[in-house]
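Undergrad:
2 protein chains.
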Amino acid sequence: MIYSSELIKGTLKTIVLKLLEDNNRMYGYEITQKVKELTFDKIQITEGALYPTLHVLEEDGLVTTELEYNGKRVRKYYTLSPEGKSKTKEKVSELADFMNTMKFLLDIKTQSA
Amino acid sequence: MIYSSELIKGTLKTIVLKLLEDNNRMYGYEITQKVKELTFDKIQITEGALYPTLHVLEEDGLVTTELEYNGKRVRKYYTLSPEGKSKTKEKVSELADFMNTMKFLLDIKTQSA
DNA sequence: CTTCAATGCATTGGTTTCTTATGTATCTTT
DNA sequence: AAAGATACATAAGAAACCAATGCATTGAAG
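Chains as they are written, first to last, in the numbering used here: chain A, 5 to 117; chain B, 5 to 117.
See the structure below:
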């Protein structure tokens, strides 16, 4: 089962920030694979979604980048900036809070009965 | 605190379906107030978002409607159709599953350490 | 040795979904 | 009488994602 794509909307940026927080330094393709692995293929980030998101994070100063060459193949590594780190905490805690609220909404009957 | 609007994306339809499942029969404005109340003002559904969503649910045959007059003021009541009921179960369980996955993603460090 | 899959970057066009703003009208409270 | 709440609705625009495409390198399989 793969989640319908609407669900990813709004959470992608937070997912990426959280992964960077946990792994310090990652490149784009690595992120797609890590998410796929960690979610047992339930979330598959498309490149058309990921790269624009990474570029926005960079424009906003939340990440810094450095190019690295393995032979001739280039990798663009992303690392959280100080602002990126605090923004990550914000976004993660907001999402956690949101999920609690949603859980409450979805379980109304069980909880009130 | 009100959640940043990106978070609502993708969950609105499921929220509406779930409320209709719990309350059997609701009209639009009532839904906005109920969500506001149940989430302690953290989620505020705008009418510009809600009404198009309700119309789509109707077009898709997931809800049926009936107009009712309180004096001259009209209310449009929405009720889940049989397809709507099964669709609701689908969507709610998908969202619950998604939230578990997200929770796992956000807690990686805690869980692996 | 060549072809296909995987790795790695990126952009473009299109759709969905929501926001903001606006419009109309009724009812209630001050 | 006016303002705010109730109640419907639409329209223009932005945001965020998907699907498709493109380019290039590397590794594995035949």
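The C-beta atom is built at its ideal place from N, Cα and C for all residues, glycine as well.
Since Glu98 of chain A meets chain B, which of its residues come closer than 9 angstroms, beta carbon to beta carbon?
TA: What you label residue 98 of chain A is simply residue 94 of the first sequence in a count that begins at 1. By Cβ distance, chain B contributes Met5, Tyr7, Ser8, Leu11.
Undergrad: For Val20 of chain B, which residues in the same chain have their Cβ closer than 8 angstroms to its Cβ, ignoring the five residues on either side in sequence?
TA: Taking the second sequence and counting its residues from 1, the one referred to as residue 20 of chain B is at position 16. Hits under 8 angstroms: Ile35, Leu54, Thr57, Leu58, Leu61.
Undergrad: Does Gly88 of chain A get closer than 8 angstroms to chain B when you measure Cβ to Cβ?
TA: Position 84 of the first sequence, counted from the first residue, corresponds to residue 88 of chain A. So, not an interface residue.
Undergrad: Among B:Gly65, B:Asn74, B:Leu16, which one has its Cα closest to the Cα of Tyr1 of chain B?
TA: Past the edges of chain B, shown from 5 to 117, lies residue 1 of chain B, and the structure says nothing about it.
Undergrad: How about the stretch 32–47 of chain B and the stretch 98–112 of chain A: do they share at least three Cβ pairs that are nearer than 8 angstroms?
TA: Because the criterion of three Cβ pairs below 8 angstroms is met, the stretch 32–47 of chain B and the stretch 98–112 of chain A touch.
Undergrad: Give the list of continuous beta strand (DSSP E) stretches no shorter than 3 residues that lie fully inside the stretch 16–46 of chain B.
TA: If we require 3 residues or more, the beta strand (DSSP E) runs fully inside the stretch 16–46 of chain B come out as 29–31.
Undergrad: Going by alpha carbons, who is nearest to Gly88 of chain A out of A:Thr18, A:Ile6, A:Ser9?
TA: Counting from one through the first sequence, the residue named residue 88 of chain A turns up at place 84. Measuring from the Cα of Gly88 of chain A, the nearest candidate turns out to be A:Thr18.
Undergrad: Considering only residues of the same chain and omitting the five flanking positions on each side of Thr92 of chain A, which have a CB-CB separation below 7 angstroms?
TA: In the first sequence, counting from the first residue as 1, residue 92 of chain A sits at position 88. Around Thr92 of chain A: Leu21, Lys22, Glu25, Leu84.
Undergrad: What first and last residue would you give for the alpha helix (DSSP H) that runs through Tyr55 of chain B?
TA: Your numbering for residue 55 of chain B matches position 51 in the second sequence. Its alpha helix (DSSP H) spans residues 51–63.
Undergrad: Applying a beta-carbon distance threshold of less than 9 angstroms, which residues of chain A neighbour Lys107 of chain B?
TA: As a first step, residue 107 of chain B must be located in the second sequence, where it is residue number 103. Within 9 angstroms Cβ-Cβ: Ala100, Met103.
Undergrad: Run the CB neighbour count on Lys76 of chain A, radius 10 Å, all protein chains shown included, and call it buried at 16 or more, exposed below.
TA: Numbered from its first residue, the first sequence carries residue 76 of chain A at position 72. Looking at its Cβ environment, which holds fewer than 16 other Cβ atoms inside 10 Å, Lys76 of chain A is exposed.
Undergrad: Is any heavy atom in the ligand FAD found nearer than 7 angstroms to the beta carbon of Thr69 of chain A?
TA: Among the components modelled here there is no ligand, and therefore nothing to report on the ligand FAD.
Undergrad: Using a Cβ cut-off of 8 angstroms (strictly closer), state whether Leu21 of chain A contacts chain B.
TA: Taking the first sequence and counting its residues from 1, one reaches residue 21 of chain A at position 17. Not one chain B Cβ lies under 8 angstroms of Leu21 of chain A.
Undergrad: Taking the CB atoms as reference points, tell me whether Gly14 of chain B and Lys107 of chain A lie closer together than 8 angstroms.
TA: For the purposes of this step, residue 14 of chain B is taken as residue 10 along the second sequence, with counting starting at 1. For the purposes of this step, residue 107 of chain A is taken as residue 103 along the first sequence, with counting starting at 1. Not a contact, by the Cβ cut-off of 8 angstroms.
Undergrad: Rounded to whole angstroms, what is the Cα-Cα separation between Lys38 of chain B and Ile6 of chain A?
TA: To locate residue 38 of chain B, count along the second sequence from 1; it is residue 34. To locate residue 6 of chain A, count along the first sequence from 1; it is residue 2. Rounded to whole angstroms, Lys38 of chain B to Ile6 of chain A spans 31 angstroms at the Cα level.
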